[in-house]
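Accompanying notes for the structure given below.
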Ligand code: SER
């Protein structure tokens, strides 16, 4: 069964069970400075798992694009990818363990027709924070899973979340398909990475809120958060041993083989091919996101840069000496544009940015590799050397480490960090500040800045007399807002002043901020701004600020503009081709 069909069956199955189909959110978490990318389907739903009512109701289902940078070193093994699609269904304080497990079992065995004898499950063993999950175990037994295929595991394995530092989380029960290969040892069990047991689905019972390290409170409501890895499940359905063998990877892999003229890769070459395949998908989706990011040395931009540069380096080791990622990106776009329209819309941007980054890096790659070779004669790379490779040759530290690993030498990472900090004192201070805001940080400061962001968005349209200006990105910390928008030149001083004055004028007018629940059509009719695409009939929250600004938004917002104080723009700069960035504060 192909991935397209799997997605369709999943959405239909849960729709039948009264779930509303919602759209995939952006890969860049909005208003969550503690995590760089959306790592799971539940991530954009955090406020609703915490108790805020969702406009679509309390049963949801979707396919969410995700990136897990933590898995970057595992890329290439049978089951790990950085970019993947997650099928998920949620109960927001509605059904709980019994229904979730029943439906998981029904979908796996009746719809996908997996043999129940090949299914193993894990459940939470219990500890000081939460009891042993006997309810889930009993449920599995009642469905016919024998005791010997039910594994009780600790928090490391059977507790999921929070996605950031704090937030909703809970014990989980995971489902594995036995691939029938020989166990790697007598201790081999679900959760072992050897490839015998393939994890396909995770049902998380989110009834806890992690408030600080080691501190859990009960949430207002009991939620279910499930996540099924699309590529992994498809691999099992297609009788493949790795995710890289499924149909959506084949055209990319074939193209790499063609470009490198390697038809029968050895193990090392196979790994390079898989790394490029994974990273080009991730890069295409990051660049193609509605809140698109460009390669840089900061945050998401740095991860994107690592993906691209690592791919170029692995391409070179396969003998590909010319720019090739844009060719592969075109294949990725073609494969996914139907489900992710933004990829097609941002196609030129994706291609241009990939080519630009290639040009930048290829200039120094050859020289950098020679430099590395010379350095490695001392059998180690010092911090200063690693920093030189970073600063002068554009080698991300992780690339130097990867090269060193291949030649069996060590890199002084701490030395690098010291060197880096010396040069980046300012950005370090910035990073610390950024990490102060927690996941789903709804502090007074960030709430105010959310409202200020709406006003800024409107002020730009008014002052620049361009009604088609819209949000390309937003990031809020307790200290400042950052707003990206489409505009193709620098703003003049007097324009910035006018924008500030407009916002401060609204603050002085003491206007009410009102929340309403409307259908997308009603919202559009009333001229609401909105970054995300919604389906016909979807209900959304719309915030209006005294008839001056109207936006589709999840909130939260303050009640009256008078709470905002004084708005000041700190910086205006370019963010990407045709995109400007403003940083502003409230004083
Ligand atoms: N959040 C859980 C996971 O990512 C289930 O969706 O595995």
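In the numbering used here, the protein residues as written are 48 to 634. In this text, a Cβ means the ideal position worked out from N, Cα and C, and glycines have one as well. The model shown is predicted, which means the values in this text are computed figures rather than measured ones.
So, helix, strand or coil for residue i, using DSSP?
i           : result
residue 237 : coil
residue 247 : strand
residue 385 : coil
residue 624 : coil
residue 199 : strand
residue 117 : helix
residue 504 : helix
residue 475 : Because the pLDDT at residue 475 is just 44, under 50, the model does not fix this residue reliably, and the value given afterwards should be weighed accordingly. Looking at residue 475 - three-state DSSP - the assignment turns out to be helix.
residue 573 : coil
residue 399 : helix
residue 289 : coil
residue 177 : coil
residue 256 : strand
residue 371 : coil
residue 112 : strand
residue 157 : helix
residue 631 : strand
residue 228 : coil
Where residue i and residue j are concerned, what is the direct C-alpha to C-alpha distance, given to the nearest angstrom?
i           : j           : result
residue 262 : residue 96  : 18 Å
residue 244 : residue 226 : 6 Å
residue 374 : residue 325 : 15 Å
residue 483 : residue 260 : In this prediction, residue 483 scores a pLDDT of 38, lower than 50, which makes its location untrustworthy; the coordinate-derived value is nonetheless stated afterwards. Distance between the alpha carbons of residue 483 and residue 260: 15 Å.
residue 395 : residue 296 : 22 Å
residue 620 : residue 522 : 15 Å
residue 200 : residue 177 : 13 Å
residue 50  : residue 156 : 17 Å
residue 173 : residue 252 : 13 Å
residue 60  : residue 141 : 18 Å
residue 559 : residue 292 : 56 Å
residue 190 : residue 629 : 56 Å
residue 453 : residue 315 : 10 Å
residue 464 : residue 431 : 9 Å
residue 653 : residue 510 : Since the first and last residues shown for the chain are 48 and 634, residue 653 lies out of range.
residue 497 : residue 220 : 36 Å
residue 361 : residue 368 : 10 Å
residue 586 : residue 289 : 39 Å
residue 89  : residue 65  : 18 Å
residue 675 : residue 322 : Nothing can be reported for residue 675, as the shown portion of the chain is limited to 48 through 634.
residue 112 : residue 130 : 7 Å
residue 562 : residue 600 : 9 Å
What residue range does the beta strand (DSSP E) around residue i cover?
i           : result
residue 167 : 166–171
residue 262 : 262–276
residue 551 : Here residue 551 belongs to no beta strand (DSSP E); instead the alpha helix (DSSP H) covers 540–555.
residue 518 : 518–523
residue 134 : 130–139
residue 592 : 586–592
residue 214 : 214–225
residue 363 : Per DSSP, residue 363 belongs to no beta strand (DSSP E); it is in the alpha helix (DSSP H), 346–364.
Closest Cβ-Cβ distance between residue i and chain B: below 8 Å?
i           : result
residue 132 : The structure shown contains no chain B; it holds only a single protein chain.
What are the boundary residues of the alpha helix (DSSP H) that residue i is part of?
i           : result
residue 56  : 50–63
residue 596 : First-last for residue 596: 596–599, but that is the beta strand (DSSP E), not the alpha helix (DSSP H).
residue 464 : 460–470
residue 450 : 444–453
residue 531 : Run containing residue 531: none in the alpha helix (DSSP H); it sits in the beta strand (DSSP E), 528–533.
residue 328 : 314–334
residue 564 : Run containing residue 564: none in the alpha helix (DSSP H); it sits in the beta strand (DSSP E), 560–566.
message = Closer than 8 Å is the cut-off here; do at least three beta carbon pairs connect the region 70–77 with the region 333–349?
response = yes
Meets three-Cβ-pair contact criterion under 8 Å: the region 134–153 and the region 332–346 = When Cβ pairs closer than 8 Å are counted between the two stretches, the region 134–153 is seen not to touch the region 332–346, the count staying below three.
Are three or more beta carbon pairs between the region 523–534 and the region 499–506 nearer than 8 Å? yes
Taking three-plus beta-carbon pairs below 8 Å as touching, is the region 437–455 in contact with the region 394–412? yes
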